[in-house]
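Report on the following structure.
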Amino acid sequence: MIEKKIKEIYDIYSVSSFEKQISNYLQDAYASYGYKIVRDNLNSVFFNKDNPGRKKIMLAFPLDEYGLMVREIEDNGKLRFILLEDISPLSFLNQRVNIITRNKENIKGVIKADVKFAENTKSTISEDDLFIEVLLPLDDLKERVNIGDLVSLDSPFFENENFIMARSLSQKIFQYISISLAEKIRDKTYPFDLYIGGISQSTIGFRGTKTATYVIRPDLALALTSFETNASSPKIALGDGIIVGKYDKQMLPDRKLLSFVESKFETKAYLGLRGNDGSFIHKTLSGTPSLSVGLATANITTANEVIMKTDIEKLENFLIDFLDQAQEFLGV
């Protein structure tokens, strides 16, 4: 079962700007296989199969989770918050959350609205309608929680034979895959310089995407990302295997790289508005041929994202096969 390998990753909260713990965890995992470690000053972390002077390939994914920040503590104990990303407030209604205090405590709560939904057909909810109800006496709350504390979604990790359901799989699953890749490609030799790892402050504003790209300066990049199954067009579904991003509001993929991947691998296309790391890698420096690839995920930005386990295996195999053939694209 995957749960045994991913549980440690899952238990590390990593809301944007709070990625140091997951970054250090991944660094230790990569270093255990003997890799050189490359970091930027925002806690992005990559393992490097060092091949100095050769062209560089970068496989990148987010370290940071979707989250909130406490903006006001009302006298009645309600915690008002701001969203750290442009996400519908409906994604957070009635969700469990975990408040990460300045003393690094984890305090549990739930996001609520003063609406009797069983009696009210209200269908629009704004950020101002919502608050966090904390499972603490009022005096304890005011002593332990501060304005500016970060808040992550919270839910138990669920796995059965076919599916995984949990918070932040859009980030956590790629962190898991990167460790698996570190093990599986350890004894391979490539005619290029390879970097695989996670970018801090990526999900929230793509800030680390720029700094990590400047540190690595890749000649080719794959951005590993989740693609939403809900209301997708063209339709994608759990179990579809490798998904390739063909459009978002920040990026059109490199046509040569897209053709290379589509000619050699079975993929499905995705068109959407949400950007990903590839949306910014491709226009950093003098321009980097980039492509977003990943797997189908249901309920993105909620505490109950769902992926299919066969898709994880297919993505791992695709990445290994892509690296085996990437020299053809690079001309090395």
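Under my numbering, the sequence shown has 198 at position 128, and the numbering climbs by one with no breaks.
No residue lacks a Cβ here, since even glycine has one placed at the ideal position from N, Cα and C.
1) To the nearest angstrom, how far is it from the Cα of V140 to the Cα of I152?
2) Nearest CA to the CA of F262: which residue from V115, N121, I107?
3) Ordered along the chain, which non-local residues of its own chain (more than five positions away) have a Cβ less than 6 Å from that of R413?
4) Does DSSP put Y95 in a helix, a strand or coil?
5) Roughly how many whole angstroms lie between the Cα atoms of V204 and S222?
6) Just the C-alpha distance for Q245 and I79, rounded to the nearest angstrom, thanks.
7) Keeping to the same chain, check which residues put their C-beta closer than 8 Å to that of K125; ignore five residues upstream and five downstream.
8) List in chain order: all unbroken beta strand (DSSP E) runs of 3+ residues lying wholly within the region 241-316.
9) Does the Cβ of T259 have 16 or more other Cβ atoms within 10 Å, making it buried, or fewer, making it exposed?
10) Per DSSP, what kind of secondary structure is I157 in: helix, strand or coil?
11) Who pairs with S360 in a beta bridge, going by DSSP?
12) Contact between the region 101-118 and the region 213-229 is defined here as three or more beta-carbon pairs at a separation below 8 Å; is this criterion met?
13) What is the DSSP secondary structure of E229, counted as helix, strand or coil?
14) Apart from the five residues on each side of it in sequence, which residues of its chain come closer than 7 Å, Cβ to Cβ, to M71?
15) Provide the residue(s) that pair with R166 in DSSP beta bridges, ordered along the chain.
16) With a Cβ-Cβ cutoff of 8 Å, do D391 and G309 count as a contact?
17) Relative to the C-alpha of N94, which candidate in E231, L208, I249, I169 has its C-alpha closest?
18) Under 6 Å Cβ to Cβ from K338, same chain only, skipping five residues before and after it: list those, please.
19) Rounded to whole angstroms, what's the CA-CA distance from S360 to T194? Just pull it up for me.
20) Using the three-state DSSP reduction, which class does T337 fall into: helix, strand or coil?
21) Under the three-state reduction of DSSP, which class applies to F116: helix, strand or coil?
22) Candidates E398, T281, S272: which alpha carbon is nearest K334's?
The relevant details are as follows:
1) Computed Cα separation, rounded: 7 Å.
2) N121
3) Given that the chain is displayed from residue 71 to residue 402, the structure contains no residue 413 and the question cannot be resolved.
4) helix
5) V204 and S222 have their C-alpha atoms some 13 Å from each other.
6) 8 Å
7) F262, D263, D289, L290, L400, V402
8) 263-269, 290-298
9) Exposed.
10) I157 sits in coil when the DSSP states are folded into three classes, being neither helix nor strand.
11) A291
12) no
13) strand
14) Legend: pLDDT at M71 = 49, less than 50; position of this residue unreliable, value from coordinates given subsequently. Closer than 7 Å at the Cβ level, and outside the excluded window around M71, lie E229.
15) V180
16) no
17) Considering only alpha carbons, the answer is I249.
18) So the qualifying residues of the chain are I306, D310, I313.
19) Roughly 38 Å separates the two Cα atoms.
20) coil
21) In the three-state reduction of the DSSP assignment, F116 falls in the strand class, which pools E and B.
22) E398
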